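Here the structure comes first, spelled out in structure tokens, and everything after it is commentary.
In my numbering, the protein residues as written are 1176 to 1511.
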């Protein structure tokens, strides 16, 4: 069992070697010569080490042989885009019923304790390769369900607080919308990886009929078929993926509601602007005939001295005619 070593940019020399991998599991805090010896003694295939350079969610069952002795290799890995990612290689020799397992990527002593407890409860079934496989799946289920709970609840809380809405720049960094968008994207990635796990568990189900039952609950005399166990794990992951999907749909509805409110406010502003423009147009229409008459009378071509009352004789009927034409036009438009 080997821990996962996180490489930060604080170590430029080391970071330069692994920056193209997402915290690669192949970067193990063990001397290279010693680790190669472990790989040889545990019969770990080279394809496993190639895969953990860039871990992805996968299950593989390979048939091989070591020194002419046939064996089965089970490889499980969690995509490094997720938190608490890890990988395991299990080599099983059916003739001698020997099982060798290499577990990479435990992140805390609790992982070791949980794994050791699982193996201890199944110490009478150490020749069953599915014991190691189930221990890996139990640990992955614990990590993934915790991640689902934290992310789904976190996204719902942010929606309820309205943090999906763009606000002023005076807010603290914890309330910035970018944090909400990051969490939303992480939930989307988590949903995709849970769906990927469902596909890998379907592949594992095809291998289960050849595996013997094991003691799943450390209850004396209670045996569980691998097929039933994997089916249960698959249903749990499927439900978790649905939870992620539901909260993402709720987020989409919250955005749609906010957009609808923005559109409603824009419509109010547009209606108000249209009414103001209409009022200005009516005032212009009302005063334009009189303005034209006044300009005409002000021209030096004609003598309008002591004839100011002519202004009202001309401007009044002309203004009335213009307003009458406007009323007729609006009435015709309404009847169409």
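Even glycine gets a Cβ: it sits at the ideal position worked out from N, Cα and C.
All values reported here derive from a predicted model rather than from experimental measurement.
Residue i, enclosing alpha helix (DSSP H) - first and last residue
{"i": "residue 1495", "result": "1484 to 1510"}
{"i": "residue 1412", "result": "1401 to 1473"}
{"i": "residue 1335", "result": "1304 to 1335"}
{"i": "residue 1213", "result": "1207 to 1216"}
Same chain, Cβ closer than 7 Å to residue i, five either side skipped, listed in chain order
{"i": "residue 1240", "result": "1246"}
Rounded separation between residue i and residue j - CA only
{"i": "residue 1210", "j": "residue 1435", "result": "60 Å"}
{"i": "residue 1283", "j": "residue 1438", "result": "50 Å"}
{"i": "residue 1427", "j": "residue 1217", "result": "49 Å"}
{"i": "residue 1332", "j": "residue 1234", "result": "35 Å"}
{"i": "residue 1413", "j": "residue 1316", "result": "12 Å"}
{"i": "residue 1488", "j": "residue 1446", "result": "38 Å"}
{"i": "residue 1349", "j": "residue 1360", "result": "Residue placement at residue 1349 is poorly supported in this model, since its pLDDT is 49, which falls under 50; the coordinates are not used for a value here."}
{"i": "residue 1243", "j": "residue 1309", "result": "28 Å"}
{"i": "residue 1506", "j": "residue 1498", "result": "12 Å"}
{"i": "residue 1205", "j": "residue 1377", "result": "35 Å"}
{"i": "residue 1386", "j": "residue 1265", "result": "13 Å"}
{"i": "residue 1313", "j": "residue 1433", "result": "41 Å"}
Residue i burial status per 10 Å Cβ neighbour count (16 or more: buried)
{"i": "residue 1269", "result": "exposed"}
{"i": "residue 1500", "result": "exposed"}
{"i": "residue 1326", "result": "buried"}
{"i": "residue 1274", "result": "buried"}
{"i": "residue 1322", "result": "buried"}
{"i": "residue 1362", "result": "buried"}
{"i": "residue 1355", "result": "buried"}
Proximity of residue i and residue j at Cβ, strictly below 7 Å
{"i": "residue 1516", "j": "residue 1416", "result": "The requested residue 1516 is not part of the displayed model; the chain covers only 1176 to 1511."}
{"i": "residue 1465", "j": "residue 1496", "result": "no"}
{"i": "residue 1422", "j": "residue 1508", "result": "no"}
{"i": "residue 1279", "j": "residue 1262", "result": "yes"}
{"i": "residue 1222", "j": "residue 1200", "result": "no"}
{"i": "residue 1307", "j": "residue 1276", "result": "yes"}
{"i": "residue 1267", "j": "residue 1304", "result": "yes"}
{"i": "residue 1232", "j": "residue 1248", "result": "no"}
{"i": "residue 1409", "j": "residue 1373", "result": "yes"}
Span of the beta strand (DSSP E), counted from its first residue to its last, around residue i
{"i": "residue 1256", "result": "Taken as a continuous stretch (DSSP letters only), residue 1256 belongs to no beta strand (DSSP E), as it is neither H nor E."}
{"i": "residue 1292", "result": "Where residue 1292 is concerned, there is no enclosing beta strand (DSSP E), although the alpha helix (DSSP H) it sits in stretches over 1284 to 1296."}
{"i": "residue 1389", "result": "That residue, residue 1389, is in no beta strand (DSSP E); it is neither H nor E in DSSP."}
Residues near residue i by beta carbon distance below 8 Å, same chain, minus five either side
{"i": "residue 1402", "result": "1380, 1383 and 1384"}
{"i": "residue 1441", "result": "none"}
{"i": "residue 1504", "result": "none"}
{"i": "residue 1272", "result": "1302"}
{"i": "residue 1370", "result": "1416"}
6 Å Cβ shell around residue i - same chain, five flanking residues per side excluded
{"i": "residue 1319", "result": "none"}
{"i": "residue 1368", "result": "1232, 1254 and 1257"}
{"i": "residue 1311", "result": "1251 and 1263"}
{"i": "residue 1452", "result": "none"}
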